[in-house]
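Following: one structure in structure tokens, then a few remarks.
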Amino acid sequence: MTVSFLGNRLAMVLVAGAAVAAVAGCNKSEAAPARTDRGQQVKGDAAAGQARVEADEYVVEIKAVGPFAKGKETRAEVVIRSKGEFHVNDQYPHKFVAREVDGVSFVKSTVKRDDGKVDAATVTLPLTFTPSKDGKFKIGGIAHFSVCSDKNCLMPKPDLELTIDVP
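This is the structure:
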């Protein structure tokens with residue numbers, strides 16, 4: 006009977022201690038930093054639709070080429086650059102898949118590696134579109150690419166987004 010009582014009391018003390026530690030450790034709420042598929046931390050929030058996402062191994066961004074005008078074909082570019090010991094994976098089907106945008110029609114909503122330029126360090130994909138009205142638009146989508154070192158390959162899929170202003 007004494008052993009059972011001590012065992013129950015010890016269990017209650019451990020549960021109470023864990024609860025106090027959990028409450029004390031939760032006084033500040035922060036989102037976890039964005040990471041690549043291998044766990045490397047990236048600068049910027051890869052899930053939030055930034056114009057630029059950077060990691061130790063690469064930088065990817067969507068850039069305005071412009072100028073932008075209602076009814077005129079124009080473009081943006083998705084540029085992927087490897088960094089350090091990493092290089093562009095020449096076997097990977099690099100592409101950018103654009104999200105539909107009201108007031109914008111894309112020549113191709115999926116731009117593939119054959120539509121752009123690929124070399125050992127850089128992939129450039131042109132995103133051609135025509136705005137059908139004036140205003141601000143968010144042009145974005147998912148970049149599918151791969152960079153490799155001698156040790157491993159990464160295949161991140163960051164969500165990129167660029168705000169353009171059509172006067």
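Our numbering puts the sequence shown at residues 6 to 172.
No residue lacks a Cβ here, since even glycine has one placed at the ideal position from N, Cα and C.
Query                                                                                                                                                      : Result
Kindly indicate the opening and closing residues of the beta strand (DSSP E) around GLU82.                                                                 : 79–87
Taking the C-alpha atoms as reference points, what is the distance between LYS143 and VAL171?                                                              : 11 Å
Using the Cβ count rule (16 or more neighbours within 10 Å means buried), how would you classify GLY89?                                                    : exposed
Consult DSSP for ASP120 and reduce its assignment to one of helix, strand or coil.                                                                         : helix
In this structure, how does DSSP classify ASP95 when only helix, strand and coil are distinguished?                                                        : coil
Between ILE5 and VAL70, which are expected to be in contact by the criterion C-beta below 8 Å, what is the C-beta distance as a whole number of angstroms? : This structure does not reach residue 5, given that the chain is present from 6 up to 172, and the question cannot be answered.
Quick check: the Cα distance between PHE150 and PRO98, rounded to an integer number of angstroms?                                                          : 7 Å
Determine the extent of the beta strand (DSSP E) in which SER110 is found, giving its start and end residues.                                              : 109–111
Assign VAL109 to buried or exposed, taking buried as 16 or more other Cβ atoms, counted over all protein chains shown, within 10 Å of its Cβ.              : buried
Count the other CB atoms within 10 Å of the CB of ALA81; is the residue buried (16 or more) or exposed (fewer)?                                            : buried
Mark GLN96 as exposed unless 16 or more other C-beta atoms lie within 10 angstroms of its C-beta, in which case mark it buried.                            : exposed
Does the beta-carbon distance from PHE91 to VAL112 come in below 9 Å?                                                                                      : no
Check for me: the beta strand (DSSP E) holding LYS141 runs from which residue to which?                                                                    : 140–149
Give a yes or no on whether the C-beta atoms belonging to ASP164 and ILE147 are separated by under 9 Å.                                                    : yes
Counting along the chain, where does the beta strand (DSSP E) carrying VAL106 start and finish?                                                            : Careful: VAL106 lies outside any beta strand (DSSP E) and carries neither H nor E.
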